[in-house]
Amino acid sequence: MVNRSLMSACQHRRTRESAADRPPAPRPARSSGRRMVLDRFFLWIGEASVEGRIAAVAPLVRAHRAGELDEATRETAEAALTLVAHDEEVVVRRRLAEVLCEAPGAPRHLLQSLLDDHPDVAEVVAGRSPDLIDPELVALVATCDERVRAAVADRPRVGPTVAVALAAVVERPSALRLLANPGADLPPPALESLVERFGDFADLREALMSRPDVPIVLRHRVLEKLAEAIGRHVVDRALGDSARVAEVTRDAKDRATVALAGRADGDETAALVEHLRASGQLTTRLLLRAACVGDLRFVEESFAVLAGLPAARVAALLADGRRTGLRALHTRAGLPERAYPVLVAALEVHRDLARETGGLDGRPGDGARFARRLVERVLTRYTAFERRDADDLLVLLRRFAADAGRDHMRAVMTAHRDAAEARRLAPPAEPAVAALAPATAQPQPESPPAADPVAPIVAVAAPAPAFEEEAIDEPWGLFSHVRPEDLPAHWLAADEDVGESDRVLASMEGDLQAALRAELGARPSERRAA
């Protein structure tokens, strides 16, 4: 009996050891259970409601993305997704597009099917799918619906080739969305296309000027569009003939050009001047306007281009101010002789003002104020020349002075308006609260008391004249119906003897001093005990 039990135990031990040496038996694959669920899905979807089919999309996509699926189960899941992609309800197909675009790796045929679908569905894939590449997007925007193009314009990243394709075909709302997208890489060809197509619209001009990556040449083109719009406004309002329209348009272009040049850096100014020369817009009128408002950098670059000299050499000649050097530079640039006195006066006045005022003073509108002073002094000097053949230049200088005065007042007005708005929006100041020193646990050492700390206080406070204190707790108008004759006589008589009140207060002075002296002279331990 014992031998049989021992043999059984040994055999059981050998069985356990051999089982430990063998690899574990494979457990039933989870994919088989999922495949059974997917098989039932094909029967369920034919009878499910729209809400049920929408709710089943996300679990179905997650099942397809599961990494441990075998090939057969993955094929079944993809077939189920394909069935959903052909659902008769747009909302179901849109839900599928939304879930598929949450992560990369969606089946290619599903994405293409959804891109070719209703715009409600296609715009989701076009705007969100990370699986689409730029060449596919370029081909898409050439033939798709405008809503789909708008979705492409809103993508987190819009490459330069896609931006060029969009700029050539999108409508104005989609163009605005493209310009507002910080992830859009807009090369010059795309920006040029947008300027030429939509430069007549104020919202597009504002959006273009708001982007920091727009080159200065294109910014100038935007301002030209603005000037042309002003000219059309004059025509529409019948405010003048064709000559008047041409004058207004040219003046607006020149003012915008000088303003743009004043905010540009050195490289941008050189590019702008070269663009103006190549397009035939670098005129004597424009050069004199820039000189009369103090934009010497634009003047230097213009003379460098016109005279064929290095900009540093031109800057040295203008800073030196000698008439011989200025005359030679003026002649080499090919400018009219009668413009020479205006140019010299502008340079001399600029040096004088810079020496007198130190340039800009930092106050609101300082740049416009400096320009106004400069052009007004130039005008004053020029009126003493007495040249009849230069009357048109006199009119031009008066126009410059009027423009500078208007710009100055606008700058001051804007500064005051902004300051008033800032004060209006500022939160109310909190009342100052005196900080209280924290109470200490240990008693402080006693200091010798002052000779008489109360007497000076009472001496100052006691002679104060009597006054009537306002009763702030009494409801206003509570006794307004009571007439004086209805009141008891002693009520009125009590307030008439002011002298008696003074005598009572004076008699209290001694008692008040004694009480305060006793309180301040008491030891801390005694006050705590009290």
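Residue numbers (the numbering used here): 104 to 633.
Backbone N, C-alpha and C fix where the C-beta goes; we use that ideal spot for every residue, glycine too.
Here the structure is a predicted model, which is why all the values come from computation and not from measurement.
Among the options, the one whose alpha carbon lies nearest that of residue i
i, options, result
"Asp220", "His519, Val164, Leu409 and His189", "His189"
"Pro439", "Val273, Leu390, Asp469 and Leu186", "Leu390"
"Tyr75", "Ala169, Ala505, Val481 and Ser296", "No answer is possible for residue 75: it lies beyond the span of the chain, which begins at 104 and ends at 633."
"Val187", "Ala158, Glu174 and Ala175", "Ala158"
"Cys247", "Ser232, Gly262, Val272 and Ala381", "Val272"
"Pro276", "Phe304, Glu299 and Gln384", "Phe304"
"Lys328", "Asp521, Thr352 and Ser313", "Thr352"
"Ala349", "Arg358, Gly334 and Ala293", "Gly334"
"Ile236", "Gly170, Leu217, Arg260 and Ala253", "Arg260"
"Arg484", "Leu450, Arg426 and Leu375", "Leu450"
"Val427", "Leu412, Val447, Leu409 and Ala410", "Position check: residue 427 holds Thr in this sequence, whereas Val was assumed. Ranking the options by Cα distance to Thr427, first place goes to Val447."
"Asp142", "Leu184, Glu524 and Val408", "Leu184"
"Gly424", "Asp398, Arg454 and Arg400", "Arg454"
"Gly365", "Ser382, His323 and Gly383", "His323"
"Ala229", "Ala206, Asp257, Ala209 and Glu174", "Asp257"
"Pro233", "Cys204, Leu217 and Glu377", "Cys204"
"His433", "Leu456, Arg458 and Ala407", "Ala407"
"Val498", "Arg509, Thr486 and Gly508", "Thr486"
"Pro207", "Glu191, Arg198, Arg197 and Arg231", "Arg231"
"Thr387", "Arg441, Gly170 and Ala287", "Arg441"
Neighbourhood of residue i by C-beta, 7 Å cutoff - its chain only, sequence neighbours within 5 removed
i, result
"Asp316", "Leu289"
"Ala310", "Leu279, Leu282 and Ala283"
"Glu403", "Ala414, Val417, Ala418 and Leu421"
"His511", "Gly468, Ala471, Arg472 and Arg475"
"Ala367", "Ile319 and Leu375"
"Ala330", "Thr352, Ala355, Lys356 and Ala359"
"Pro222", "Asp248, Arg250 and Val251"
"Ala308", "Just to set this straight, residue 308 is Arg in the shown sequence, not Ala. Taken in chain order, the residues that qualify are Gly302, Val325, Lys328 and Leu329."
Cβ distance (whole Å) where residue i is taken to contact residue j below 8 Å
i, j, result
"Val195", "Val153", "7 Å"
"Ala410", "Arg435", "4 Å"
"Arg392", "Phe503", "6 Å"
"Ala254", "Ser296", "With 8 Å as the limit, Ala254 and Ser296 do not qualify as a contact, their Cβ atoms being about 20 Å apart."
"Val265", "Glu226", "That belief does not hold up - the Cβ atoms of Val265 and Glu226 are roughly 15 Å apart, past 8 Å."
"Val445", "Leu496", "6 Å"
"Leu528", "Cys395", "Actually they do not touch by this definition, with Cβ atoms about 38 Å apart."
"Gly398", "Val361", "Position check: residue 398 holds Asp in this sequence, whereas Gly was assumed. Indeed, because the Cβ distance is near 6 Å, the residues count as touching under 8 Å."
"Arg198", "Val160", "5 Å"
Buried/exposed call for residue i, threshold 16 Cβ in 10 Å
i, result
"Ala182", "exposed"
"Gly437", "exposed"
"His336", "exposed"
"Arg400", "buried"
"Thr176", "buried"
"Asp506", "buried"
"His167", "buried"
"Ala525", "exposed"
"Ala287", "buried"
"Ala514", "buried"
"Gly369", "exposed"
Same chain, Cβ closer than 8 Å to residue i, five either side skipped, listed in chain order
i, result
"Ala268", "Leu240, Val241, Val244 and Ala245"
"Leu321", "Pro291, Leu294, Glu295, Val298 and Leu311"
"Leu385", "Val376, Leu379, Ser405, Val408 and Leu409"
"Ala567", "Confidence in Ala567 is poor, its pLDDT being 39 and thus under 50, which makes the residue's placement too unreliable to answer from."
"Arg300", "Ala270 and Ala278"
Through-space distance from residue j to residue i, alpha-carbon basis
i, j, result
"Val193", "Leu214", "15 Å"
"Pro291", "Pro263", "9 Å"
"Glu371", "Val325", "16 Å"
"Leu172", "Val164", "13 Å"
"Phe145", "Gly155", "13 Å"
"Val478", "Ser313", "30 Å"
"Arg430", "Thr460", "28 Å"
"Pro285", "Leu294", "14 Å"
"Ala522", "Arg358", "27 Å"
"Ala209", "Gly302", "40 Å"
"Ala180", "Glu274", "40 Å"
"Ser382", "Leu412", "20 Å"
"His378", "Ala332", "21 Å"
"Glu150", "Pro162", "18 Å"
"Pro238", "Met516", "51 Å"
"Leu363", "Ala373", "12 Å"
"Glu178", "Ala169", "12 Å"
"Arg347", "Arg509", "20 Å"
"Arg466", "Ser345", "41 Å"
"Leu456", "Pro531", "42 Å"
"Arg458", "Asp494", "31 Å"
6 Å CB neighbourhood of residue i in its chain, flanking five on each side removed
i, result
"Leu217", "Ala200, Val224 and Val228"
heavy atom of the ligand FMN below 8 Å from residue i C-beta
i, result
"Ala394", "Looking for the ligand FMN in the displayed structure turns up nothing, as the structure carries no ligands at all."
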